[in-house]
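Novice: Quick one: the structure is below, and I'll ask about it shortly.
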Amino acid sequence: MLPKQNQAGRNQAARDSDAARRPFARRSTHAQVLHEVGERILCGVFASGAIMPSETALSDELQVSRPVLREAIKVLAAKGLVDSRPKIGTRVKPREDWNMLDPDILAWGFASPEAEQYAIALSEMRRILEPAAAALAARRATDAQIERISLAYDRMASAAEDSEDSFAGDLAFHKAILAATGNAFLASTGHVIESALLFSFKLSSRNRGARTHSLPRHAAVLETIAAHDPEAAQHEMELLLDEAWADIAALLGVEAVPAVGARMPVRIGKVRRKQ
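The opening position of the sequence shown corresponds to residue 14 in my numbering, with each subsequent residue numbered one higher.
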């Protein structure tokens with residue numbers, strides 16, 4: 014329960030000290046509990062296959078009511094993270110059952126010790142997904158959608174290097190391309206791109222100039238989509254993502270593996286075999 018407000022000045026210091034020891038005592042919200050327990054799962058504090066502490070023990074530790082904790086557990090179960098059963102308790106499910114594309118799980122994953130592995134996996138996924146999306150956008154984009162992509166590029170190009178506006182423009186650019194495919198499922202993956210770009214943005218402080226360096230690649234993607242040239246748009250997006258991955262790999266100290274697109278050509282409307 015939240016502590017009652019006491020106006021007596023002599024009690025203020027005691028309340029502040031107590032709140033510092035009890036992280037949720039003053040702000041016991043569903044979102045905070047969800048975030049705390051979710052992060053513990055992603056960080057391995059509550060390991061896959063393990064039974065979590067009892068409802069009573071965990072609610073006491075977090076200083077929240079059992080109904081608040083119970084609601085958070087229900088949300089975690091809906092995300093595939095846990096399975097809660099009477100007389101057994103709440104068990105953390107195997108990782109393969111997790112909804113890895115869930116925005117919360119992505120955020121918790123990037124806050125975990127495995128953040129670099131998330132970055133690698135998402136970069137690989139983007140290099141499979143986005144070149145094909147660029148090709149589809151080149152086929153289907155309307156003038157208004159191309160204008161949205163162009164405005165996002167202009168915002169990125171005019172922003173200061175490594176600024177929030179640069180990040181916002183970059184994100185808007187990629188999401189506008191996904192929207193221009195006319196495919197609702199592709200458009201809905203924008204939050205995945207956002208998580209990957211946010212991690213890259215945080216790394217970019219260690220590689221000044223990386224975003225400015227990428228502007229010509231973004232311009233080439235825009236031009237090929239505006240020209241309604243699917244194969245060129247796919248190729249330019251592959252080059253853009255390959256260079257972005259190379260920058261991330263260098264900062265992480267891992268090998269920049271060959272481009273997915275180079276090994277697995279994807280073309281809209283036909284199958285192309287490697288020679």
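By construction, the Cβ of each residue, glycine as well, lies at the ideal position given by its N, Cα and C atoms.
In the DSSP assignment, find the alpha helix (DSSP H) that holds ARG140 and state where it starts and stops.
Specialist: Locating residue 140 in the sequence shown gives position 127, counting from the first residue. Where ARG140 is concerned, the enclosing alpha helix (DSSP H) stretches over 128-153.
Novice: Can you list, in chain order, the residues of its chain with a C-beta nearer than 8 Å to that of LEU71? Leave out the 5 residues immediately preceding and following it.
Specialist: On the sequence shown, position 58 is the one that residue 71 refers to. Contacts found: VAL50, MET65 and LEU82.
Novice: Does the region 84-101 come into contact with the region 168-187, if we say contact requires no fewer than three beta-carbon pairs (one atom in each stretch) closer than 8 Å?
Specialist: Judged by Cβ distances under 8 Å, the region 84-101 makes no contact with the region 168-187, as fewer than three pairs qualify.
Novice: Among HIS43, ALA124 and VAL46, which has the Cα closest to the Cα of GLY57?
Specialist: Position 44 of the sequence shown, counting from 1, holds the residue named residue 57. Taking each of HIS43, ALA124 and VAL46 in turn and checking the Cα distance to GLY57, the smallest one comes out for ALA124.
Novice: When you compare the region 225-235 with the region 125-132, are there three or more beta-carbon pairs, one atom per stretch, that lie closer than 8 Å?
Specialist: no
Novice: Quick one: is ARG140 buried, meaning 16 or more other Cβ sit within 10 Å of its Cβ, or exposed?
Specialist: Taking the first residue of the sequence shown as position 1, residue 140 is located at position 127. The residue is buried, with at least 16 neighbouring Cβ atoms inside 10 Å.
Novice: If we count the other Cβ atoms within 10 Å of its Cβ and call it buried at 16 or more, is SER171 buried or exposed?
Specialist: The residue given as residue 171 occupies position 158 in the sequence shown. So SER171 ends up on the exposed side.
Novice: May I have the straight-line CA-CA distance separating LEU264 from LEU252, to the nearest angstrom?
Specialist: In the sequence shown, counting from the first residue as 1, residue 264 sits at position 251. In the sequence shown, counting from the first residue as 1, residue 252 sits at position 239. In a straight line, the C-alpha of LEU264 is about 19 Å away from that of LEU252.
Novice: Mind checking who GLY103 pairs with in its DSSP beta bridge?
Specialist: Translated into the one-based positions of the sequence shown, residue 103 becomes position 90. Looking at the sequence itself, residue 103 is Thr, so the reference to Gly does not match. Answer by DSSP bridge pairing, in chain order: SER97.
Novice: Would you kindly work out how many angstroms separate the C-alpha atoms of LYS188 and ILE206, rounded to a whole number?
Specialist: As a first step, residue 188 is located in the sequence shown; it is residue number 175 there, counting from the start. As a first step, residue 206 is located in the sequence shown; it is residue number 193 there, counting from the start. Approximately 8 Å between the Cα atoms of the pair.
Novice: Whose C-alpha, out of ASN112, PRO107, SER67 and TYR131, is nearest the C-alpha of LEU211?
Specialist: Taking the sequence shown and counting its residues from 1, one reaches residue 211 at position 198. Closest option to LEU211, Cα to Cα, is TYR131.
Novice: Run the CB neighbour count on ASP167, radius 10 Å, all protein chains shown included, and call it buried at 16 or more, exposed below.
Specialist: For the purposes of this step, residue 167 is taken as the residue at position 154 of the sequence shown. ASP167 should be labelled exposed.
Novice: For ALA257 versus SER213, is the C-beta spacing smaller than 8 Å?
Specialist: Against the sequence shown, residue 257 aligns to sequence position 244. Against the sequence shown, residue 213 aligns to sequence position 200. Contact flag set, yes.
Novice: What are the start and end residues of the alpha helix (DSSP H) that includes HIS43?
Specialist: Here residue 43 refers to the residue found at position 30 when the sequence shown is read from its first residue. Looking at the DSSP string, the run of the alpha helix (DSSP H) that includes HIS43 is 43-55.
Novice: Does the structure place the region 149-160 close enough to the region 107-118 that three or more beta carbon pairs sit under 8 Å?
Specialist: no
Novice: Output yes if chain C places a C-beta closer than 8 Å to the C-beta of MET65; else output no.
Specialist: Within the model displayed, chain C is absent; a lone protein chain is all it includes.
Novice: I believe SER61 touches VAL105 by the beta-carbon criterion, under 8 Å. Please report the beta-carbon distance rounded to the nearest angstrom.
Specialist: As a first step, residue 61 is located in the sequence shown; it is residue number 48 there, counting from the start. As a first step, residue 105 is located in the sequence shown; it is residue number 92 there, counting from the start. Yes, they are in contact, since the Cβ atoms of SER61 and VAL105 sit about 5 Å apart, within 8 Å.
Novice: With a CB to CB cut of under 7 Å and the five nearest residues on each side skipped, what residues in its chain are close to THR84?
Specialist: One-based indexing of the sequence shown puts residue 84 at position 71. The residue asked about is misnamed: residue 84 is Glu in this sequence, not Thr. Contacts found: HIS43.
Novice: Give me the Cα-Cα distance between ILE86 and ALA200, rounded to the nearest whole angstrom.
Specialist: Taking the sequence shown and counting its residues from 1, one reaches residue 86 at position 73. Taking the sequence shown and counting its residues from 1, one reaches residue 200 at position 187. If I take the Cα positions, the gap works out to 29 Å.
Novice: Which value, in whole angstroms, describes the spacing of the CA atoms of THR202 and LEU191?
Specialist: Along the sequence shown, one-based indexing puts residue 202 at 189. Along the sequence shown, one-based indexing puts residue 191 at 178. Going by C-alpha positions, THR202 is about 8 Å away from LEU191.
Novice: Identify the continuous alpha helix (DSSP H) that holds ILE206 and give its terminal residues.
Specialist: By one-based count along the sequence shown, residue 206 stands at place 193. Its alpha helix (DSSP H) spans residues 203-216.
Novice: Check the C-beta distance from ALA193 over to ALA150 and give it rounded, since I have them as a contact under 8 Å.
Specialist: In the sequence shown, residue 193 corresponds to position 180, counting from 1. In the sequence shown, residue 150 corresponds to position 137, counting from 1. Going by Cβ atoms, the distance from ALA193 to ALA150 rounds to 4 Å, so yes, they are a contact pair.
Novice: Have a look at ALA185 and LEU228 and give me their C-alpha separation to the nearest angstrom.
Specialist: Looking up residue 185 in the sequence shown gives position 172. Looking up residue 228 in the sequence shown gives position 215. C-alpha separation (whole angstroms): 14 Å.
Novice: For ALA245, collect the residues of the same chain with a Cβ closer than 7 Å to its Cβ; drop the 5 residues on either side in sequence, then sort them by chain order.
Specialist: Indexing the sequence shown from 1 puts residue 245 at position 232. THR237.
Novice: Please name the residue or residues paired with ILE64 in a DSSP beta bridge.
Specialist: Along the sequence shown, one-based indexing puts residue 64 at 51. DSSP lists ARG104 as partners of ILE64.
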